[in-house]
Amino acid sequence: MLRRRKRSLRGPRPAAGAAAQAPVPTRRRAREGANVPAELRIAAPSRGEGRQVVLVTGFEPFGGEKVNPSWDVCLQLPDEIAGLRVERLRLPCEFRSSIQAVAEAIERAHPSIVVCLGQAGGRARIGVERVAINVDDARIPDNAGAQPVDELVAANGPPAYFASLPVKAMAAAIRAAGAPAEVSNSAGTFVCNHVMYGVLHYLAASGSRARAGFIHVPFSEEQAIGKHDVPAMSLATMVKGVAAAIAAAHENRHDIHIAEGSLD
């Protein structure tokens, strides 16, 4: 079973003989005025009309909630942040299929940055995740009824992946935008950690240069209604914070050198 999971992260294998039939790229320049038959022209792949792309994902509601602020934030983000075209993707709160959905979106959009968002009910701050671990250990079933316990996200994968985004610079930018934020050292063991690990594993296995990370947002104010003494944050504050984090991720290839470790 674990072997099949590993293969699912890598995507479909090319058909036999496909490499021999594929056009071979050339460094030669086309001769000016040359008449090239239409069937011999090779169109360059679309890269978002020349602009770099940030792929931002959020989840559908889960655990009995009617909304998920991670997706609501995605919907309210501007279409462009720091010169990056924003592509949005709503993920199922399900093991396996969530990773596959992000992998397919990466192949379509060719993003330079991937920022996945998730809900962390009970947290009072926006959390920029530092690390994802290679384990699924679900306290509750996902939306498809799966509840893996002590299972690997990727068979033969490394024990953990660190985010390839500047997590400390992102947390600092969120605070500068007026939202409480922290660098978190645990993305949990549910679908959020599963997606963070799976996306980083997929990018590493495919050789992609895209950088990726994960941000947890608290309950929205709407969700806090009827709950006793539960931290919540306005959706507008979350949107400002996440937009600032994306801009910081784009502007900082290397992280800033400040202490952001927590004791919990």
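Residue numbers (my numbering): 305 to 568.
Glycine included, C-beta positions come from ideal geometry on N, C-alpha and C.
All figures in this text were calculated on a predicted structure; none of them were measured in a lab.
Taking one beta carbon from each stretch, the segment 521 to 533 and the segment 415 to 429 have 3 or more pairs nearer than 8 Å; the two touch. Within the segment 518 to 561, the runs of alpha helix (DSSP H) that reach at least 4 residues and sit entirely inside it are, in chain order, 525 to 528, 539 to 555. Rounded to the nearest angstrom, the gap between the Cα atoms of A473 and A553 is 7 Å.
Beta-bridge partners assigned by DSSP to I430: A485. A straight line joining the alpha-carbon of V453 with that of A409 spans about 28 Å.
The DSSP assignment places complete beta strand (DSSP E) segments of no fewer than 3 residues inside the segment 392 to 462 at 417 to 423, 430 to 433, 435 to 437, in order along the chain.
Straight across, the Cα-Cα distance linking V418 with H532 is about 35 Å.
The DSSP assignment places 388 to 395 as complete runs of the beta strand (DSSP E) inside the segment 371 to 395, in order along the chain (cut-off: 3 residues). Counting along the chain, no beta strand (DSSP E) covers A563, and no H or E run does either. With contacts defined as CB atoms closer than 8 Å, Y465 and H505 qualify as a contacting pair.
The three-state secondary structure of G502, taken from DSSP, is helix. When the alpha-carbon of L393 is set against those of V358, R400, A476, the nearest one is in V358. Contact between V457 and Y501 holds, since their C-beta atoms are separated by about 5 Å, short of 8 Å.
Of all alpha-carbon atoms in R443, D383, F363, the one lying nearest the alpha-carbon of C420 is that of F363. With respect to A491, E433 sits close: the two C-beta atoms are nearer than 8 Å. Secondary-structure assignment with DSSP links L359 through a beta bridge to E391, V418. Per DSSP, reduced to three states, the secondary structure at R515 is strand. Across the structure, H558 and P462 are spaced so that their CA atoms are roughly 23 Å apart. For F466, the beta-bridge partners assigned by DSSP are V435. Straight-line measurement puts the Cα of I550 at about 10 Å from the Cα of E384. C-alpha of F399 to C-alpha of G367: approximately 14 Å in a straight line.
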